[in-house]
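K.L.:
Attaching a single structure in structure tokens format; questions to follow.
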Amino acid sequence: TQLLEQSPQFLSIQEGENLTVYCNSSSVFSSLQWYRQEPGEGPVLLVTVVTGGEVKKLKRLTFQFGDARKDSSLHITAAQPGDTGLYLCAGAFTSGTYKYIFGTGTRLKVLA
Amino acid sequence: KAGVTQTPRYLIKTRGQQVTLSCSPISGHRSVSWYQQTPGQGLQFLFEYFSETQRNKGNFPGRFSGRQFSNSRSEMNVSTLELGDSALYLCASSRTYRELSTGELFFGEGSRLTVL
Chain W
722 TQLLEQSPQF
732 LSIQEGENLT
742 VYCNSSSVFS
752 SLQWYRQEPG
762 EGPVLLVTVV
772 TGGEVKKLKR
782 LTFQFGDARK
792 DSSLHITAAQ
802 PGDTGLYLCA
812 GAFTSGTYKY
822 IFGTGTRLKV
832 LA
Chain X
17 KAGVTQTPRY
27 LIKTRGQQVT
37 LSCSPISGHR
47 SVSWYQQTPG
57 QGLQFLFEYF
67 SETQRNKGNF
77 PGRFSGRQFS
87 NSRSEMNVST
97 LELGDSALYL
107 CASSRTYREL
117 STGELFFGEG
127 SRLTVL
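As structure tokens, this is what we get:
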């Protein structure tokens, strides 16, 4: 059974601090997405990573895909209150039956 | 272009009733997936439709059903509602069915169902 574990579950930091969120699986992803969800809204796609070792940057957000494609990280530099939300990783597994699974989520609160 | 539209946004039902939720995907997207989101279980996959056919189904009881129309709009139905069905129901669209894509989903704002 494929599971996506995210850590930490909760994170409360001050504006201007840096943080890293992790997404880990025991199985190999064929692709992985990161989403951010704000209260009362649906998740919004931030990035897709496909190649092992891939690094993508989106303004202050840096996404990294592990070399073995079993893990990913999201690093936020100089966090702002607007970064507050639920961060979800989601991965596609194509060995055997296709599955697309969401991680357990990291709830981030950035205090002004 | 317009995003994914879900209706209604909020609804309250009582146990035993049934509910129908609607989803209009992004124009040109032919795949619609449905998810249930609760604080305890996170995002759980319900089913995916592509070209009016159900392609994948999650581990939910038969009380949960769906369909897709020729214009790609989709509906999901929950019959004989239980208290545990209270959740945010999210619809997501994509250009094609997910095995053929890298998996990106575009979500609507959700329908929040409360069962009393």
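Same order as they appear, the protein sequences are chains W and X.
Residue numbers 722 to 833, in my numbering, belong to the letters of the first sequence in order.
Residue numbers 17 to 132, in my numbering, belong to the letters of the second sequence in order.
Ideal placement from N, C-alpha and C gives every residue a C-beta, glycine not left out.
Give the residues from the segment 728 to 750 of chain W that approach chain X closer than 8 Å (Cβ to any Cβ), ordered along the chain.
P.N.:
Here the close residues number zero.
K.L.:
Rounded to the nearest angstrom, what separates Glu-726 of chain W and Cys-744 of chain W at their Cα positions?
P.N.:
If I take the Cα positions, the gap works out to 6 Å.
K.L.:
By how many angstroms is the C-alpha of Thr-23 of chain X removed from the C-alpha of His-143 of chain X?
P.N.:
Since the first and last residues shown for chain X are 17 and 132, residue 143 of chain X lies out of range.
K.L.:
What did DSSP end up calling Leu-132 of chain X once you bin it into helix, strand or coil?
P.N.:
Of the three classes helix, strand and coil, the one that applies to Leu-132 of chain X here is coil, per DSSP.
K.L.:
Any beta-carbon of chain X closer than 8 Å to the one on Gln-785 of chain W?
P.N.:
Closer than 8 Å: no.
K.L.:
Sort out for me which residues DSSP pairs Ile-822 of chain W with in a bridge.
P.N.:
According to DSSP, which records beta bridges pairwise, Ile-822 of chain W is partnered with W:Gly-812.
K.L.:
So, does the CB of Glu-125 of chain X fall closer than 8 Å to a CB anywhere in chain W?
P.N.:
Answer yes: the Cβ-Cβ gap between Glu-125 of chain X and chain W drops below 8 Å somewhere.
K.L.:
Entirely within the segment 757 to 787 of chain W and at least 3 residues each: give me those beta strand (DSSP E) ranges in chain order.
P.N.:
Fully enclosed beta strand (DSSP E) runs of 3 or longer: 765 to 770, 776 to 779 and 782 to 786.
K.L.:
Please look up how many angstroms separate the CB atoms of Gly-763 of chain W and Gly-126 of chain X, rounded, as I've assumed it's under 8 Å.
P.N.:
Between Gly-126 of chain X and Gly-763 of chain W the Cβ distance is about 5 Å, and since that is below 8 Å, they are a contact.
K.L.:
Chain W beta carbons: is any one of them nearer than 8 Å to that of Glu-91 of chain X?
P.N.:
No, Glu-91 of chain X does not count as interfacial toward chain W.
K.L.:
What's the C-alpha gap between Lys-663 of chain W and Leu-766 of chain W?
P.N.:
The requested residue 663 of chain W does not occur in the structure, where chain W is confined to residues 722 to 833.
K.L.:
List the residues of chain W that Leu-106 of chain X touches, going by C-beta distances under 8 Å, in chain order.
P.N.:
Under the 8 Å cutoff, chain W gives Gly-763 and Pro-764.
K.L.:
So, does the CB of Gln-754 of chain W fall closer than 8 Å to a CB anywhere in chain X?
P.N.:
Yes, Gln-754 of chain W lies at the interface with chain X (some Cβ there is under 8 Å from its Cβ).
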